[in-house]
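Asks:
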Amino acid sequence: MSVWRPPSFVRPIAVGLIRRHEELLLMAVRDDDGAIKGWRPLGGSIEFGERASDALRRELAEEVGLSIAEPTLLTVMENLYSHNGAPGHEIVFVFEAKLADDTHGGREEFSFDDGGVRNEVRWVALANFERGEAELFPAGLLKHLLQ
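In terms of my numbering, the sequence shown has 125 at position 125, counting the first letter as 1, and numbering is strictly consecutive.
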């Protein structure tokens with residue numbers, strides 16, 4: 001199993017909060033032993049010359065084959081973190097997004113490979129984060145959802 005480490009540069013990324021009632025479509029964040037240590041919205045790196053909203057659309061199409069309607073910017077966050085002992089630094093454009101159609105809204109799980117790492121995506125109840133039963137990344141994102 002391949003492991004992921006943050007790059008050693010500031011990485012601009014775009015992520016999308018996709019809701020289904022009181023659930024969010026999220027990707028599992030795993031430690032080196034494969035245990036889930038938290039969840040984060042789908043998305044990824046913004047390429048040079050690409051708008052953040054376009055990067056989000058591209059990433060969702062590439063990763064899980066989903067199309068979204070026009071995303072709405074919720075916030076921009078600076079995320080300094082550590083993943084399995086390696087430091088990471090991201091500028092995170094967080095969007096509210098809706099699926100363009102209901103074709104995949106009933107699907108419970110998705111998965112995709114990225115750089116040799118298998119990623120699991122599923123609907124997770126927002127209440128799990130509110131009760132402290134699971135961690136939502138990036139740190140501080142939950143407070144924006146609860147405003």
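Ideal Cβ placement from N, Cα and C applies to all residues, glycine included. Note that this is a predicted model, so its numbers are computed, not measured.
1) Just to confirm, is the Cβ distance from L42 to G16 under 8 Å?
2) Tell me where the beta strand (DSSP E) around E90 begins and ends.
3) With distances taken Cα to Cα, identify the nearest neighbour of L14 among I36, P138 and R122.
4) Spatial neighbours of T75 within its chain, please: C-beta separation below 7 Å, excluding the five flanking residues on both sides.
5) What do you reckon, are the CB atoms on R57 and I68 nearer than 8 Å?
6) Can you give me the C-alpha to C-alpha distance between E120 and D33, rounded to a whole angstrom?
7) Which residue or residues does DSSP assign as beta-bridge partners of F112?
8) Confirm, please, whether the CB-CB distance from V10 to H89 is below 8 Å.
9) Going by CA-CA distance only, name the one from R20, A28, E22 and P12 that's closest to D113.
10) To which residues of the same chain is S8 closer than 7 Å at the C-beta, ignoring the five residues directly before and after it?
11) With a CB to CB cut of under 6 Å and the five nearest residues on each side skipped, what residues in its chain are close to N79?
12) Specify the secondary structure class of L25 as computed by DSSP and reduced to three states.
13) In its own chain, which residues sit with a C-beta less than 6 Å from the C-beta of E96, not counting the 5 before and 5 after it?
14) Pull up the DSSP beta-bridge partners for L80, would you.
15) Would you tell me roughly how many angstroms separate the C-alpha atoms of A52 and A35, rounded to the nearest one?
16) Looking at the unbroken alpha helix (DSSP H) that takes in L66, where does it start and where does it end?
Replies: Per the coordinate set shown:
1) Result yes, Cβ atoms of L42 and G16 sit closer than 8 Å.
2) Following the DSSP letters along the chain, one finds E90 inside the beta strand (DSSP E) bounded by residues A86 to A97.
3) The sequence shown places Ala at residue 14, not Leu. The option with the nearest alpha carbon to A14 is P138.
4) The beta carbon of T75 is closer than 7 Å to those of V94 and H144 in its chain, skipping five residues each way along the sequence.
5) A contact, by the Cβ cut-off of 8 Å.
6) Straight-line Cα distance between these residues: approximately 15 Å.
7) Looking at the DSSP output, F112 shares a beta bridge with N119.
8) Between H89 and V10, the C-beta spacing is below 8 Å.
9) The shortest C-alpha separation from D113 is found at A28.
10) For S8, where only same-chain residues beyond five positions count, there are no Cβ hits under 7 Å.
11) Closer than 6 Å at the Cβ level, and outside the excluded window around N79, lie E90, V92 and P138.
12) Three-state DSSP puts L25 in a strand.
13) Closer than 6 Å at Cβ, skipping near neighbours: L17, T72 and L74.
14) Beta bridge pairing from DSSP links L80 with H89.
15) One C-alpha to the other measures close to 30 Å.
16) No alpha helix (DSSP H) holds L66; DSSP gives it neither H nor E.
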